[in-house]
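Here's the structure we're looking at; comments come further down.
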Amino acid sequence: MRKIDTIIVHCADTPASMDIGAKEIKRWHTDPKPRGNGWSDIGYHHVIRRDGAVEVGRAHGVIGAHAAGHNKTSIGVCLVGGKGGFNFTRRQMDALDLLLESLVNCYPGAKVIGHRDVSSKSCPSFDVKAWWGR
């Protein structure tokens, strides 16, 4: 089993009107370049849809492809939305809270951060550490 010390929250950088899930994101990640990234699988371990449904991406035992230099010891969670700023639904945020609580219980001591905390990107469009506050 992998040692997990960080849970990294991302956004799909999609508009509020776009309702997609793990299936579509997996296609973006696995389609050959230039259409996709040409990866072997979806980069995230979980995807949270606009209605709050939590979908499984990669298994936790498989290293993700979501935060360069941090994938080996992290779990990646992606909220659908985020293009143009914070446009997530209440259901998404409630589902994120419950999922993070579960993941922290599963991986005691894991810190919860946003992708922006380990990259130059603004993803996921809000300060995860301040929002989580635990």
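The sequence shown begins at 1 in our numbering and counts up by one. Don't be surprised by glycine CBs; every beta carbon is placed ideally from N, CA and C.
First through last residue of the beta strand (DSSP E) which encompasses residue i
i: Ser122; result: Here Ser122 belongs to no beta strand (DSSP E), and DSSP marks it neither H nor E.
i: Ile4; result: Here Ile4 belongs to no beta strand (DSSP E), and DSSP marks it neither H nor E.
i: Ile25; result: That residue, Ile25, is in no beta strand (DSSP E); its alpha helix (DSSP H) goes 22-30.
i: Ser17; result: Taken as a continuous stretch (DSSP letters only), Ser17 belongs to no beta strand (DSSP E), as it is neither H nor E.
i: Ser40; result: Run containing Ser40: none; DSSP gives neither H nor E here.
i: Val77; result: 74-79
i: Val62; result: Element bounds for Val62: n/a, residue is neither H nor E.
i: His46; result: 46-48
Buried or exposed by the 16-neighbour rule on C-beta atoms within 10 Å, applied to residue i
i: Arg134; result: exposed
i: Ala130; result: exposed
i: Arg90; result: exposed
i: Ala110; result: buried
Same chain only: Cβ atoms within 8 Å of residue i, ignoring 5 sequence neighbours per side
i: Asp31; result: Asn37, Gly38
i: Ile48; result: Val54, Glu55, Val77, Cys78, Leu79, Val80, Gln92, Ala95, Leu96, Leu99
i: Gly69; result: Val118
8 Å contact criterion, which residue i and residue j should meet: CB distance rounded
i: Pro124; j: Gly82; result: 5 Å
i: Ile42; j: His29; result: 5 Å
i: Ser74; j: Ile4; result: 7 Å
Host alpha helix (DSSP H) of residue i (start-end)
i: Val118; result: No alpha helix (DSSP H) contains Val118, which DSSP labels as neither H nor E.
i: Val56; result: First-last for Val56: 54-56, but that is the beta strand (DSSP E), not the alpha helix (DSSP H).
i: Asp97; result: 90-106
Own chain, CB closer than 6 Å to residue i, minus 5 neighbours either side, in chain order
i: Val112; result: Ile7, Leu100, Trp132
i: Asp13; result: Gly82, Lys83
i: Lys72; result: Ile63
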